[in-house]
Ligand SMILES: N[C@@H](CCC(=O)N[C@@H](CS)C(=O)NCC(=O)O)C(=O)O
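In our numbering, the protein residues as written are 164 to 361.
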C-alpha cells in the first residue's frame, strides 16, 4: 500500500490511522510546494493524501481512513455497532465542518500569506470563529477519548484539528489541552508524524 504524503499536512491523519491499525505501508513524499515538481500526487487535483492499495485508489483523507478502518474492522478503530458508529460519524462530521473550517482558514492566513500581505480583518474573523466553536466544545470528563474509553478514528480527526488550533495560539481549556496531549503522546501518532515528515 502506498500513501502520498507531505510534511505537516493531512496525510498525517492517514498514517496515524495506519499505525493504529498496525498495517504496513510505503510513503511517497510529493513536491507539493515546488513549481517544477519531480514527484506529484495522482490525486485529480494534485493533493495529498492519496492512497493506492492494489487496484484501489482513494482520494480525500476521511474516505481513505474509512477504507482502512473497514478493511480492518477487528482493530476497532471504527466501530461496527450501528449506535457507536453513528456517534463516531457525528464527531467526524463536526470535526471536518464546524471545527476544521475556521481553523484551516486561519492557518492558511498565518502560514501561506506573508505578514505584510495578510488581511487583519480575515485573520480576526477566522480567529473569532475558531474560538467560538472551540468554546462550545464540551468533552465528557468521564471519557478518556471523544466517544468513550476507546480511541477511535474520531479522535484522530478531532485531536489533529485541535492541534492546528493550538499552533494558531487559540486559547483552549485545560481539559481540551490534556486531550490533545493524550492523543499526541500515543506511540502511533509519534511514528506517523516521523514518517509523514520524512
Ligand atoms: N479535502 C481534502 C483536502 C486535501 C488538501 O487540501 N490537502 C492539502 C495538504 S493538507 C494539499 O494537498 N494542498 C495542496 C494543494 O491544494 O494544491 C482532504 O481532506 O483530503
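Beta carbons: idealized from backbone N, C-alpha and C, even for Gly.
Residue from the options with nearest C-alpha to residue i
i: residue 234; options: 201, 344, 185; result: 185
i: residue 258; options: 324, 314, 290; result: 324
i: residue 265; options: 222, 226, 333; result: 333
i: residue 175; options: 308, 329, 320; result: 320
i: residue 317; options: 267, 291, 239; result: 239
First through last residue of the beta strand (DSSP E) which encompasses residue i
i: residue 194; result: Run containing residue 194: none; DSSP gives neither H nor E here.
i: residue 347; result: Note, residue 347: premise wrong, no beta strand (DSSP E); alpha helix (DSSP H) at 337–347.
i: residue 221; result: 219–222
Check: residue i C-beta below 8 Å from any heavy atom of ligand 1
i: residue 212; result: yes
i: residue 311; result: no
i: residue 273; result: no
i: residue 192; result: no
i: residue 264; result: no
i: residue 235; result: no
i: residue 225; result: yes
Host alpha helix (DSSP H) of residue i (start-end)
i: residue 266; result: 263–275
i: residue 321; result: 316–330
i: residue 182; result: 174–184
Cutoff 9 Å: residue i Cβ touching any chain B Cβ
i: residue 249; result: Here chain B cannot be found, since the structure has a single protein chain.
Short Cβ contact (9 Å threshold) for residue i with residue j
i: residue 189; j: residue 203; result: no
i: residue 359; j: residue 170; result: yes
i: residue 225; j: residue 354; result: no
i: residue 342; j: residue 302; result: yes
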